[in-house]
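Enquirer: Before anything else, here's the structure in question.
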Amino acid sequence: MTKALKITLSTDFDPAPVRDLAQRLKGLDGPLLPILHAVNDQFGYVDERALPVIADVLNLTRAEVQGVVSFYHDFRRSPAGRHVVKVCRAEACQAMGAERLISELETAFGVKLGETSKDGRVTLEPVYCLGNCALSPAALIDGKLYGRLNAARAQAQVGK
Amino acid sequence: MTQLIYVPDDAAALSVGAGEVAQAISAEIARRGLDAKLIRTGSRGLLWLEPLVEFATPGGRIGYGNVDAATVSALFDDPAHTRSLGLVEEIPYLKSQQRLTFARCGIIDPLSLDEYQTHGGLAGLRRALEMTCTDIAEQVVESGLRGRGGAGFPTGIKWRTVAAAPADQKYIVCNADEGDSGTFADRMLMEGDPFLLIEGMVIAGLAVGADKGFVYIRSEYPHAIAKMRRAIQAAHKGQLLGRNILGGGKYFDLELRVGAGAYICGEETSLLESLEGRRGQVRPKPPLPAIAGLFGKPTVINNVLSLAAVPTILAQGAAFYRDFGMGRSRGTMPVQLAGNVRRGGLIERAFGLSLREIIETYGGGTASGRPVRAVQVGGPLGAYWPPALFDTPFDYETFAEKSGMIGHGGVVVFDDSVDMARQARFALEFCAIESCGKCTPCRIGSTRGVETMDRIIQGERPVENTALVRDLCEILRDGSLCALGGLTPMPVLSAMDHFPEDFSRAE
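Same order as they appear, the protein sequences are chains A and B.
Quick note: the first sequence uses my numbering, first residue 46, plus one each step.
Quick note: the second sequence uses my numbering, first residue 66, plus one each step.
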């Protein structure tokens with residue numbers, strides 16, 4: 046999938062907390078993914094300027110870190126909206142009308158799948174299976190799983 | 066006597082309100098000043114009944130299905146409330162099952178090591194601690210257990226290979242990157258009986274001489290991650306992990322790692338790359354991971370369900386497990402029934418159950434009430450089956466003979482509104498999205514396939530374009546390094562073979 050590379054450089058970037066996280070986790074076997082998860086969780090995304098810091102701590106090239114960050118869907122390159130709706134579009138949910146739910150959510154939130162609304166309120170993303178396939182359609186809204194979901198219930202959660 | 070009340074703390078149950086129901090029950094207990102205790106369990110796997118609340122009675126647990134917070138008070142007033150299902154164990158869907166792996170799921174508090182032991186847990190590990198490494202692996206070989214992740218490779222043979230490989234360090238890796246649509250058994254087990262998986266991994270460590278394990282869980286399972294994390298801590302406290310396992314002087318340590326949203330990392334070599342901190346790109350085989358796996362060391366990499374089957378095999382003996390099943394498919398298979406189905410859930414039965422029994426007897430047909438048109442078995446890389454083939458028994462070899470696979474045991478039901486050309490297109494689109502990019506047929510072929518399917522769907526020269534997709538599928542099947550490219554043709558070709566009318570119609 047081509048991911049739009051929107052890189053946020055407008056804010057100030059402090060490398061110190063990133064270096065701290067990397068230092069703290071670098072003793073693990075295969076520390077790069079845990080470090081990237083930690084950065085992504087703490088800051089909401091992995092800033093472009095965090096890459097050379099992590100590379101330095103792990104004694105990797107910046108290209109190696111860049112390659113890993115860009116490979117995995119989870120690592121964001123820019124902050125997400127205040128609410129993140131990950132809606133499942135895999136087969137079991139398709140069988141229960143996931144495509145219709147997605148277009149209803151696109152209308153309700155005024156975004157296309159994979160985008161963040163202009164007011165920064167909501168990011169709508171596809172996900173391929175949440176393991177809730179007997180209670181489809183499913184979505185993860187701000188980290189919480191919902192089953193037998195409809196657009197109204199999703200909107201109510203985001204409206205909170 | 067204290068009234069015990071059970072509510073699942075399982076992600077699927079929570080997704081339809083079990084958390085709110087549990088809160089309401091706690092509030093009701095306090096309001097009425099009752100001598101009662103709320104226990105959070107895993108799910109029984111009767112997922113269409115969730116939230117399923119159970120009250121202990123002298124005769125067994127009485128269940129109440131599809132409870133919402135507003136109904137809770139009425140359950141306390143009237144034990145014969147209309148939501149009552151009677152004794153949960155007597156519900157035919159559950160009663161007819163042969164639960165070995167899921168024997169405790171939905172019954173015990175998943176984080177109580179005491180309850181785990183009271184219900185038969187740790188018996189397998191205790192036996193293993195008295196056995197030689199070789200004998201443990203041979204028990205698993207004799208049980209006939211095959212990899213439940215999808216490939217169906219004999220688990221014991223894998224263990225034997227790792228045991229025989231000389232090395233200063235070996236690893237046990239649990240593949241909990243359950244990415245197949247229509248599957249949730251790994252998640253349910255990790256949330257409902259996590260000590261079983263840990264016990265299986267410790268036994269694997271003893272069998273092959275590995276003292277370090279990793280559980281790699283997909284990030285799409287936040288609840289399972291949290292549960293496993295707490296279970297690992299409790300296991301350390303209870304000497305199920307650490308320096309002196311059950312006082313037997315053996316050492317085994319376990320670490321949890323989280324995936325990052327890449328389906329391909331369910332492929333074993335890609336998972337190992339990811340654990341090592343690299344792009345999840347597939348490695349060529351040989352060398353097998355059993356010889357040179359994680360960090361180049363001999364590695365057992367098994368699916369959650371394979372590892373979770375092991376404690377039963379050790380506790381009850383290889384023959385006990387092998388006596389379930391048919392042909393070369395031994396033991397039980399947790400089938401996951403999903404999609405457009407009235408009664409979706411987990412069905413653990415010996416191999417040999419027919420698709421028809423799964424879909425009709427258990428599932429009760431579609432949720433929409435329309436006729437079943439197709440089922441996809443074995444995840445996004447599995448075949449689409451028409452009703453004419455529903456008498457096929459669930460068995461590795463029989464499914465392969467009919468150009469399908471059982472995979473990780475997911476069965477996704479579609480009603481007659483499904484457009485099979487679109488499903489074929491989706492299979493190729495999914496391959497394009499999730500391809501690791503290492504080999505050309507998968508990386509490029511999938512995208513060309515989507516484009517060609519679009520032409521077929523638009524009614525553009527359907528005969529020629531269908532032939533082109535078939536040709537492309539042959540290249541994907543024969544020219545890809547791993548199962549993603551190699552098996553994407555399965556849903557595409559089965560859709561074309563069994564539902565040709567959807568590929569010849571102009572829109």
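Ideal Cβ placement from N, Cα and C applies to all residues, glycine included.
1) Cα separation between B/His-563 and B/Arg-169?
2) Let me make sure I understand the geometry here. Which of B/Tyr-427, B/Leu-311, B/Gly-474 has the alpha-carbon closest to that of B/Phe-249?
3) In chain order, what are the residue ranges of uninterrupted beta strand (DSSP E) at least 3 long that sit wholly in the region 210–258 of chain B?
4) In the structure shown, what three-state DSSP assignment does B/Asp-519 receive?
5) Are any of the Cβ atoms in chain A nearer than 8 Å to that of B/Gly-307?
6) Does the structure place the region 495–505 of chain B close enough to the region 142–155 of chain A that three or more beta carbon pairs sit under 8 Å?
7) Where does B/Gln-401 sit, in a helix, a strand or coil, going by DSSP?
8) I'd like the ranges of any beta strand (DSSP E) spanning at least 3 consecutive residues and lying wholly in the region 142–190 of chain B.
9) Taking B/Ala-327 as the query, report the chain A residues whose CB atoms sit under 9 Å from its CB, ordered along the chain.
10) If we count Cβ pairs, one from each stretch, closer than 8 Å, do we get three or more for the region 257–274 of chain B versus the region 354–370 of chain B?
11) Are the Cβ atoms of B/Pro-451 and B/Asp-480 separated by less than 8 Å?
12) Would you mind working out which of A/Val-203, A/His-128, A/Val-167, A/Arg-122 sits nearest A/Asp-96, comparing C-alpha positions?
13) In chain B, what lies closer than 7 Å to A/Ser-148 by C-beta?
14) By the criterion of Cβ-Cβ separation under 9 Å, what are the contact partners of A/Arg-193 in chain B?
15) If we count the other Cβ atoms within 10 Å of its Cβ and call it buried at 16 or more, is B/Asp-142 buried or exposed?
16) Name, please, each residue of chain B whose Cβ falls closer than 7 Å to the Cβ of A/Asp-187.
17) Spell out the partners DSSP gives A/Glu-136 in its beta bridges.
18) Might you give, ordered along the chain, the residues of its own chain that have their beta carbon closer than 6 Å to the beta carbon of A/Gly-192, omitting 5 neighbours on each side?
19) Which of helix, strand or coil does DSSP assign to B/Glu-332?
20) Sort B/Asn-131, B/Ile-222, B/His-146 by Cα distance to B/Glu-115 and report the nearest one.
21) Please name the residue, chosen from B/Gly-443, B/Asp-519, B/Ala-76, B/Met-518, that lies closest to B/Lys-244 on a Cα-to-Cα basis.
22) Could you tell me the distance, in whole angstroms, from the CA atom of B/Pro-43 to the CA atom of B/Gly-217?
23) Taking any Cβ of chain A, which residues in the region 149–170 of chain B have a Cβ under 8 Å from it, in chain order?
24) For A/Lys-112, return the contacting residues in chain B, with the cut-off set at a CB-CB distance below 7 Å.
25) For the region 277–290 of chain B and the region 71–84 of chain B, state whether three or more C-beta atom pairs, one from each stretch, are separated by less than 8 Å.
26) Along chain B, which residues have their Cβ under 9 Å away from the Cβ of A/Pro-60?
27) With a threshold of 16 other CB atoms inside 10 Å of the CB of B/Phe-360, please say whether the residue is buried or exposed.
28) Is B/Ala-355 helix, strand or coil by DSSP?
29) Anything in chain A within Cβ reach of B/Leu-112, meaning under 8 Å, just list it in chain order.
30) Check for me: the beta strand (DSSP E) holding B/Gly-278 runs from which residue to which?
31) Could you tell me the distance, in whole angstroms, from the CA atom of B/Gln-346 to the CA atom of B/Ile-263?
32) What residues in the region 75–98 of chain A have a beta carbon less than 8 Å from any beta carbon of chain B?
33) Taking the C-alpha atoms as reference points, what is the distance between B/Leu-150 and B/Leu-190?
34) Can you give me the Cβ contacts of A/Ile-186 inside the same chain, cut-off strictly under 6 Å, excluding the 5 residues immediately before and after it?
35) Run down chain B in chain order and give the residues with a C-beta less than 8 Å from the C-beta of A/Glu-160.
36) Considering only the beta carbon of each residue, do B/Leu-254 and B/Thr-166 sit closer than 8 Å?
Expert: Taking the geometry as given:
1) Cα to Cα, B/His-563 sits roughly 40 Å from B/Arg-169.
2) Among B/Tyr-427, B/Leu-311, B/Gly-474, the Cα nearest to that of B/Phe-249 belongs to B/Gly-474.
3) Listed in chain order, the complete beta strand (DSSP E) runs (minimum 3 residues) inside the region 210–258 of chain B are 236–241.
4) In this structure, DSSP gives B/Asp-519 a helical state, which the three-state scheme calls helix.
5) Answer no: the Cβ-Cβ gap between B/Gly-307 and chain A never drops below 8 Å.
6) Too few Cβ pairs lie closer than 8 Å, so no.
7) In the three-state scheme derived from DSSP, where H, G and I count as helix and E and B as strand, B/Gln-401 is classed as strand.
8) As far as the region 142–190 of chain B is concerned, its whole beta strand (DSSP E) runs of at least 3 residues are 149–152.
9) Residues of chain A passing the Cβ test: Phe-116, Tyr-117, His-118, Asp-119.
10) Counting Cβ pairs under 8 Å, three or more are found: they touch.
11) No; because the gap between Cβ atoms is not below 8 Å, this pair is not in contact.
12) Looking at the sequence itself, residue 96 of chain A is Leu, so the reference to Asp does not match. With distances taken between Cα atoms, A/Leu-96 lies closest to A/Arg-122.
13) Chain order gives no chain B residues near A/Ser-148, where near means a beta carbon separation below 7 Å; the closest approach is about 15 Å.
14) Taking a Cβ-Cβ threshold of 9 Å, the residues of chain B close to A/Arg-193 are Ser-80, Val-81, in chain order.
15) With fewer than 16 Cβ atoms within 10 Å of its Cβ, B/Asp-142 is classed as exposed.
16) None at all; the shortest Cβ gap to chain B is about 11 Å.
17) DSSP lists no partner for A/Glu-136.
18) Answer for A/Gly-192: Asn-177, Leu-180, Ala-183, listed in chain order.
19) Judged by DSSP in its simplified three-state form, B/Glu-332 adopts coil rather than helix or strand.
20) The shortest C-alpha separation from B/Glu-115 is found at B/Asn-131.
21) The displayed chain sequence assigns Gly, not Lys, to residue 244 of chain B. Ranking the options by Cα distance to B/Gly-244, first place goes to B/Gly-443.
22) This structure gives no information on residue 43 of chain B, because the portion of chain B shown stretches from 66 to 572.
23) From the region 149–170 of chain B, no residue has a Cβ closer than 8 Å to chain A.
24) The residue you asked about is not Lys; residue 112 of chain A is Gly in the sequence shown. Taking a Cβ-Cβ cut-off of 7 Å, the neighbours of A/Gly-112 in chain B comprise Arg-344, given in sequence order.
25) Touching, per the Cβ criterion.
26) Simply none; closest approach about 20 Å.
27) It is exposed - the Cβ of B/Phe-360 has fewer than 16 other Cβ atoms within 10 Å.
28) B/Ala-355 falls in the coil class under three-state DSSP.
29) Correct list: Ala-179, Leu-180.
30) It spans 277–282 - the beta strand (DSSP E) in which B/Gly-278 sits, taken as one unbroken run.
31) About 27 Å.
32) Those residues of the region 75–98 of chain A that come within reach of chain B (Cβ to Cβ, closer than 8 Å) are Gly-75, Pro-76, Leu-77, Leu-78, Pro-79, Leu-81, His-82.
33) C-alpha separation (whole angstroms): 36 Å.
34) Excluding positions up to five away in sequence, the list reads Val-130, Gln-202.
35) Residues of chain B passing the Cβ test: none, with the nearest at roughly 17 Å.
36) Yes. Within cutoff.
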